[in-house]
Each structure stands twice: as structure tokens, then as C-alpha cells.
Amino acid sequence: MQGKRLEGLSEKIFLDRYAWKNANTNETKAGDVVLVLTKDDPKFPTKDVGEVVARDGKNVTVKLRNGELVESTVEKLTLTIEKTPEEMWTRLANAMASVEETPEKQKDWAEKFRWLLDDWKLVPGGRIAAGAGASEELTLFNCYVIPSPHDSRGGIMQTLSEMTEIMARGGGVGINLSSLRPRRSIVKGVNGSSSGAVSWGGLFSYTTGLIEQGGSRRGALMLMINDWHPDVEDFITVKQTMGQVTNANLSVCVSNAFMKAVKEDSDWELVFPDSADPEYDVLWDGDLEKWKKRGKSVVHYRTVRARDVWNTIIESAWKSAEPGVVFMEYYNQMSNSWYFNPIICTNPCGEQGLPAWGVCNLSAINLSKFYDSEKHDVAWDELSRVVRYSTRFLDNVIDKTPYHFPENQKNQQNERRVGLGTMGLAELMIRLEVRYGSPESLEFLDKLYGFIAREAYLASTEIAAEKGSFPAFEADKFLQSGFMKNMVDTYPEVGEAVLKRGMRNVTVITQAPTGSTGTMVGTSTGIEPYFAFEFYRQSRLGFDKQLVPIAQEWQDAHPGEELPEWFVTAMDLSAKDHIRAQAAIQRWVDSSISKTANCPSDFTVEETAELYELAFELGCKGVTIYRDGSRDVQVLRTAKDEKKKEEKPEAAPAAAAEAEANPAATLDTALNASVTPQQRQAFDKQYKSRPKILRGATYKFNTPFGMAYITVNDMDGTPGEIFLNVGKAGSDVFAMAEALGRVCSLFLRYGDHGDKIQLLVKHLKGIGGSGAVGFGPNRVESIADAVAQALETHAGLSSEHEQAAASEALSASAGYAAEKPTAAYTSKDLCPSCGSASLLNVEGCKTCGNCGYSKCS
1090 MQGKRLEGLS EKIFLDRYAW KNANTNETKA GDVVLVLTKD DPKFPTKDVG EVVARDGKNV
1150 TVKLRNGELV ESTVEKLTLT IEKTPEEMWT RLANAMASVE ETPEKQKDWA EKFRWLLDDW
1210 KLVPGGRIAA GAGASEELTL FNCYVIPSPH DSRGGIMQTL SEMTEIMARG GGVGINLSSL
1270 RPRRSIVKGV NGSSSGAVSW GGLFSYTTGL IEQGGSRRGA LMLMINDWHP DVEDFITVKQ
1330 TMGQVTNANL SVCVSNAFMK AVKEDSDWEL VFPDSADPEY DVLWDGDLEK WKKRGKSVVH
1390 YRTVRARDVW NTIIESAWKS AEPGVVFMEY YNQMSNSWYF NPIICTNPCG EQGLPAWGVC
1450 NLSAINLSKF YDSEKHDVAW DELSRVVRYS TRFLDNVIDK TPYHFPENQK NQQNERRVGL
1510 GTMGLAELMI RLEVRYGSPE SLEFLDKLYG FIAREAYLAS TEIAAEKGSF PAFEADKFLQ
1570 SGFMKNMVDT YPEVGEAVLK RGMRNVTVIT QAPTGSTGTM VGTSTGIEPY FAFEFYRQSR
1630 LGFDKQLVPI AQEWQDAHPG EELPEWFVTA MDLSAKDHIR AQAAIQRWVD SSISKTANCP
1690 SDFTVEETAE LYELAFELGC KGVTIYRDGS RDVQVLRTAK DEKKKEEKPE AAPAAAAEAE
1750 ANPAATLDTA LNASVTPQQR QAFDKQYKSR PKILRGATYK FNTPFGMAYI TVNDMDGTPG
1810 EIFLNVGKAG SDVFAMAEAL GRVCSLFLRY GDHGDKIQLL VKHLKGIGGS GAVGFGPNRV
1870 ESIADAVAQA LETHAGLSSE HEQAAASEAL SASAGYAAEK PTAAYTSKDL CPSCGSASLL
1930 NVEGCKTCGN CGYSKCS
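Numbering (our numbering), first residue to last: 1090 to 1946.
In C-alpha cells:
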């Protein structure tokens, strides 16, 4: 079947992740469109799309989309049965319609679902797209929450086994650790003490890393702990200790009572059930309130100041974007399953709060398809039809998917949880000329998402009238949830329909990230604004600046003009704008939302606290921030009288200065070497020790890895040391940049040869990586190239033309800054899939803008 062909990264994502595969690559023939392994690196493999032009036995010649011919073998090909989206849409429509009761209904709904999927009006979740109709073994659910581990070695190993099995099938997992006894608590059976909940979380994290390294799909893990647990403070700060928990997202489950204690600055009790209770092993499952209601005793571990715990959460989030916070008590008050199935954890990206053995059943409406250009409005009638068909599509997934765990099947078929979301919101708002985050936009979001929720709920009641309500449905209790009270107050017809017809699904709406699928479709992902409108692409024609299609479209129509004010990016918005938009949408989402509040680098700890508290006050179920360029340098105080200070690049970070003070000793330790007194004396003669005060300059360059602040300090009138500040502490980029600075400093301060600056520039200049930034004299190939350019400018080695390209320097006693014209700053890291410097923190997930890799997928 011939049809629309995707291009570039969109086609690569489609063929690699979602198209139906042919496992027998021996069937490859000339004319086949394939993915070919062009870089056979075990850590950073690269695949490209091409067409087979010749085959000789096992050997094939593939013509890539850029015209290049590549010689390969059939073993290095990914051969797909489907070549176009149309073929996938037909497969999915038939698969979802196949569960209808009669052949007539199957035919009718196959046609309706095919219309629904056409032109990406509905974009199915990744597992649905890859598995439905292609395999009877692949799960159609993206993510799971499994029960909190039973507090025993056997129980922990059972949870580990369950987690591993789910991840091996491509599912993400959420685990609440609160059932595990705290650190140093007595374990009578072995006459010892427990290592604590956090240490076992480290085991789950480590195992996730093994699955990530060994499997074709990567594990994704969410770990949570409740605010009453004695190990909560260790959990909050665990990522500040390198290597303990590296393969999991972290969130703290916060109660209304805890937030009240924070507001009133009162004490907070950290407690845990009495493990000496004879029924402890049988009854304890992590639910403290249920334990207390049974009349069981708890052990008081210690009393803390609630505000101190809260400030620890805030400081950690300010430094490294973790932990997130989930307002779990409020979540359960709003939850439609409050009366029979409590929410205990969320999936790895946080958009789906789930009970034990709950699953994510996700797809997204592509809102960019619903702009009515004639009326300059939303195409409301068509959107209504799409919402109603989509609700049935997802309900049918529940009956179509294979279940590998009977517990999942029992739970899902009892509550029939679905999660209809959206993508393309930012694109739709731009077409409507509504500025994301403005007061006007909040009114629009309330209207849009209220409409979607109303239509979806009415659709679910109609399916219930035809097929029956979910088994756990009790109308009176269902309508008492916080969400349904709001729904019925605004749309009383929904309450009437629920009473009259019942309800097919316990929840209907979820706002997921849609990172990979949104990138494939070519629109804005999830409910987020665009991260940037400009980006750079390396091709056989060179390194070119490109625009997001809607921005390109506008500038083509308005050459030479700036983008209007309704074209906003995530970093253009204030953090409070992000939270207000999230709250406006949350009102109409019965599950939760994947949303990141992006903050500028000078965002303070106090502002972070205000943001988290604003999220709670506005009715958000959780909150996650990402402070641009955030790094672990120090824990700041949160006293109210502390004035906001503008952060500046540090001319000589203390830790680095200490390391540079005695490099021979540092190398001794690092290399475990033994330096003789004669060698040390010879070294000291050649090495210039660092004075207490140095003067220099800080240069600002945009590099492929984000903004680099390069400080060059002088010793005896010539450059003597270099410090690099690039990326976030703990990232590969930050570590490599720090190493480069230290090695360059060591080289500059050792020996008397006068050409050492020129020599260093010669060896660093022009080093290229996976991309470059800028053009002509402003072109920066890599961080090393930026260091060379900074040295040239500082030492007066660059030409007048090159020096003129730098912005005017401002002299100061501590140094000056010379800034080259740059694009918008974006902190990046290395992608573990393709190896390019394209890994961004988007919607709470590490996402690659080059290959589409997502940590949460």
C-alpha cells in the first residue's frame, strides 16, 4: 500500500518503534525501505533510513535518504512490514474493532477507528501502536504500578522479579517503598537491623540499569515514599550521594496534614507500624491509615520540624529537579476509585496515579488538527466526535491486550481505567494567537479541557449503557469523588447520565508526555509549550539553522519580522505561568498530568518553595521543576529575610581551586601512584604554584552542549588556569568539561616554553563532535573549540575580524565577560542511545532531540 511518507526523524521513529516488524531479515530484497545500522557501537549505535538498491547473498547496498550508499549485511537491517502510517492505522483500527460483539459492529467500528486515526487525529500510545494487531504477546499498556514490597527478603525479591518481568516487556514501573521498615530498625528473625527502605530502592534502581543496558527497550522506574516514613529525609537526599540511586525518578507522597504542618510551622511525627505485632507480616501493606483503623499500634521514631523536611525537599529540587512531590492524600480525595482502590504511586513520568496492579492505557488527541481557519476557532464538532470515538478505542484496548500477570487483568477489568490525553496544545494555541500562560490562555484551557472531559465522560456512559459499567461501579460513591463533584457542578448533564446509564471506566483522562509520538507526528508534545523554535541540523549540505514548522510557516509569510508575542517557549514563561496552566488543565483531568515547570538559572530556593506551595493551593496533584543549568554546588538557606541574589558564573570554584593547588598530590591519589622525592622536586621546579588572588576574564560561548562559561585567569601576565562551567553537575558533559579545564590548567602552569598557549590552541581548535553552533567566525564546533577561541581572544592571538565577532568586554576587578552572539541557551547532555549532545529535560523526562530516545518510554 502506498501512502504518505514521513521524513527525517519522524520516519526513523516510526520505523524503529511503531511499524510492524518482519523478524526475518533474510527476506530483504531490492526496493525495501529499511533501517540500517550505520554505526555499530555497543553503547551509541546509529540507525538510518534507506532503500535497498542491491543484494548479493547476505550483503546489501542501501541508499540512505541523503543519497549516500552504505554497504551492509541483512543482519544489520531492521525490516518492517509496514512502510507508511496508513498501513499502521488500518492494522490498529481492525485490531481495536475486533473485540466488538458482532461482525456488523466490527465492520462499523473498524471504519470509524480508521477515520479517527487518519492524519494523526488520535495518536495511540507507543505500546498500542507497536503491538495491537502485530503480536498476541506484546502488552498494550505503557506502565504499571505494582504493590509496595512485602517487608521481608522474600517479599522484596518478589517485587524485584515482578518489576523485571514488566520492564523486560517494555513497561515502566512505579513502586512505593513505604512498606519497608526504616533503617536501623530491629529485624528479630536474623537478630540484626534493617538497611532501610532507601537501600532497597537502590537495588530496584540498579536492576533497572541492568535492564537498560541489556534490553532493546529501556527500563523506567518511579520510586516514592510517604511523608510519615522515618527514612523520608534519607530518600529526599539520596541522589546527592553519587551511585546510590541512578536509574529512577523520585517523588515524595505528601499529605494535607503535612502541608498544614508546614504552613503552621509545627512538628511532624515520623512513625512506622510496630513490627512486633503478631499480624504484621499478614496485614501490613504500606497503608498506614488502614493499619491505624484496625487498631494497630505504631512506633514513634522521631519528631521533626515539618518545615525543615519541606525545605530539604525544596533545596534538593532546586539543585537537581528531584524529588518531585505528589500530593497523594489530595489525589485520593479527587480520585474516582477512592471508595474501593486507593492510589499508592504514579508511573515513571508522573501522569498516571495508580492503585496496586494498576496500568496505563494511553493515547493522545492531536489538538493541532482541530484549528478551524475559517472561524479562527477550535473545530468543536469534529473534536467532539474524535473524543467520543477515542474513548471507545481505549476501552477496547482493555479487552484486546494480552495479560501477562493475572493481578493486572483482575484489577484492570474491575475498573477499566483509560487515559485519553492530548498533544499539539501549544501549536493549536499559536494558531489561535493565544499566548500560553496569559490570563486569556487560562480561560481558554478551562473551556477546552472542560469540553474534552465532558465529551469523554458522556461517551463512557454511552458505552456503559451498551456494554455495562465497570464491575466496581457504585453510582452514589462514584459521584462523591472530588473530581466528579466539580464535573457535575459545571456539567450537570454528566451526573444525570452517570445515574441513568452507569459508567464504563473509572477514569478517562490523563495528560502524558507523548515525547516520542509527538516528535514522530511533528507537533508540540503533551500539554507543554515548545521548548524552542530554533534548532540546528547537520546534513550532507552542512550545518543549518531550522525552525519548528509552525514558526517556519509564519516567517515564510512574514519575512524579516520577529515572531509575534504568542510564539512563546518553555523558557520564555515564568515558572508560575507553567503552574497556573497545569492547574487550569488539572481541573478537568481525573488522573494526573506530566508537566515540568521550567525555571531560569537564577531562580532561588525561596521562589521554588513558593512555586511548590502555589501548586498545592491551585489544586495540582503533583509538581516538578527544572531549573536551567541547575547543579550541586551548595545547599542554600531558606530564611525569609535572605535577599534574592543573582547567580553568576564562579571565576574559580572552591573545589576546583583546591584540586588545582597541588596537582601532583591529586594525581597521586587519582592514579594510586607513588612519586619519588626527586620526581616531586623536579616537578615543583617546573610547576607554578597558584597565588591566592588571580585576575582574569570569563567568556560566554554557546556550544553544542549548551552555554559554556570559560574563565581564563592570568599568572605572571599569561594564562595560567582555565575553569569550565557547562551543564549540570552529575552529567557527563559537566564531568568532561571539568576534566578538560583541569588538564589545560596543569599544562599552562607547567614549564617555561613560550609557545604553550599557541600549542594548546593548535590542538584544541577545530575539534568537532556531533554538531556545531553558529556560522563563520561565530562557529563553535565543541567545548574544546570554545576553550581554544577563549584562549585566542584572551591572549590576543585571534585576528581583528575574529575579535570583532565577540561582544564588547566589560572590565571588572574580578574579570570581564566577552559574549559571542548566541542562540537560546539549552543545557544538554549525551544521549545514551545515539551518543549525540541532544538530551534535554522535557516534561519530566530526559528526551533526545536527535533520535527520539526518551527515558520514560
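Where is the CB? At the ideal position from N, CA and C, for every residue including glycine.
| Do the stretch 1524-1534 and the stretch 1666-1673 touch if we need at least three Cβ pairs shorter than 8 angstroms? | yes
| Same chain, Cβ closer than 8 angstroms to L1517, five either side skipped, listed in chain order | L1456, S1457, F1459, Y1460 and V1467
| message | Relative to the C-alpha of Y1492, which candidate in R1258, T1579 and N1687 has its C-alpha closest? | response | R1258
| query | Which value, in whole angstroms, describes the spacing of the CA atoms of Y1295 and W1289? | reply | 10 angstroms
| field | C-beta atoms of N1111 and T1169 nearer than 8 angstroms | value | Yes.
| query | Among K1136, V1486, S1274 and A1515, which residue has its Cα nearest to the Cα of F1103? | reply | K1136
| R1868 to S1613, Cα distance in whole Å? | 29 angstroms
| request: Could you tell me if G1591 is buried or exposed, where buried requires 16 or more neighbouring beta carbons within 10 angstroms of its beta carbon? | output: buried
| message | For a test of the three-state rule: what should DSSP assign to A1907, helix, strand or coil? | response | Per-residue confidence for A1907 stands at a pLDDT of 41, beneath the threshold of 50, marking its modelled position as unreliable; the derived number appears in the next sentence. Three-state DSSP puts A1907 in a strand.
| query | Using a Cβ-Cβ cut-off of 7 angstroms (strictly less than) and excluding sequence neighbours within five positions of A1545, which residues of its own chain qualify? | reply | V1476, T1480, L1509, V1597 and I1598
| request: Taking 8 angstroms as the threshold, find out whether the stretch 1346-1363 comes into contact with the stretch 1215-1225 through three or more Cβ pairs. | output: no
| request: Rank G1261, V1334 and P1271 by C-alpha distance to the C-alpha of L1292 and give the top, closest one. | output: V1334
| request: Compare the beta carbon distance of G1447 and S1681 with 8 angstroms and say whether it is the shorter of the two. | output: no
| request: Please state whether DSSP places T1150 in a helix, a strand or coil. | output: strand
| field | Straight-line gap, V1862 to T1326 (C-alpha atoms, nearest Å) | value | 36 angstroms
| In whole angstroms, what is the alpha-carbon distance linking P1689 and Y1701? | 16 angstroms
| For T1191, is the classification buried or exposed, using 16 other Cβ atoms within 10 angstroms of its Cβ as the cut-off for buried? | exposed
| query | Going by the CB atoms, is the gap between G1139 and K1128 shorter than 8 angstroms? | reply | no
| field | Pairwise C-alpha distance: N1500 and E1378 | value | 22 angstroms
| field | Continuous beta strand (DSSP E) assignments of at least 3 residues falling wholly in the stretch 1798-1848 | value | 1807-1815
| request: Would you mind working out which of Y1715, G1816, D1918 and D1105 sits nearest S1663, comparing C-alpha positions? | output: Among Y1715, G1816, D1918 and D1105, the Cα nearest to that of S1663 belongs to Y1715.
| Mind checking whether E1411 and N1338 have CB atoms under 8 angstroms apart? | yes
| field | Touching by the beta-carbon criterion (3+ pairs, under 8 angstroms), the stretch 1195-1211 and the stretch 1224-1233 | value | no
| message | By DSSP's criteria, M1256 is part of a beta bridge. Which residues make up the other side? | response | Paired residues: none, contrary to the question.
| Which partner residues of R1394 appear in the DSSP bridge assignment? | D1356
| message | Looking at the ligand ZN, does it come within less than 7 angstroms of L1168, judged from the CB to the closest heavy atom? | response | You won't find the ligand ZN in this model; it holds no ligand whatsoever.
| Relative to the C-alpha of W1677, which residue among S1424, C1833, K1352 and F1416 is closest? | S1424
| query | What does a CB cutoff of less than 7 angstroms around P1618 pick up in its chain, not counting 5 residues either side in sequence? | reply | A1515, Y1525, V1657, T1658, A1659 and L1662
| Which value, in whole angstroms, describes the spacing of the CA atoms of L1928 and I1402? | Distance between the alpha carbons of L1928 and I1402 is about 25 angstroms.
| For E1699 and D1579, the rounded distance between their alpha carbons | Note that residue 1579 is Thr in the sequence shown, not Asp. CA-to-CA, the gap between T1579 and E1699 works out to about 30 angstroms.
| query | Roughly how many angstroms separate the alpha carbons of G1711 and G1285, rounded to a whole number? | reply | G1285 has its alpha-carbon roughly 26 angstroms from the corresponding atom of G1711.
| Is the Cβ-Cβ distance between A1828 and I1856 less than 8 angstroms? | no
| Helix, strand or coil: which one does DSSP assign to L1656? | Per the sequence presented here, residue 1656 reads as Phe, with Leu not at that position. Coil, per DSSP.
| query | For R1716, which residues does DSSP report across the bridge? | reply | C1688
| Helix, strand or coil: which one does DSSP assign to S1282? | strand
| query | Sorted by chain position, which residues of the same chain lie with C-beta nearer than 6 angstroms to R1396's C-beta, five sequence neighbours on each side aside? | reply | Only V1351 and D1354 meet the Cβ criterion.
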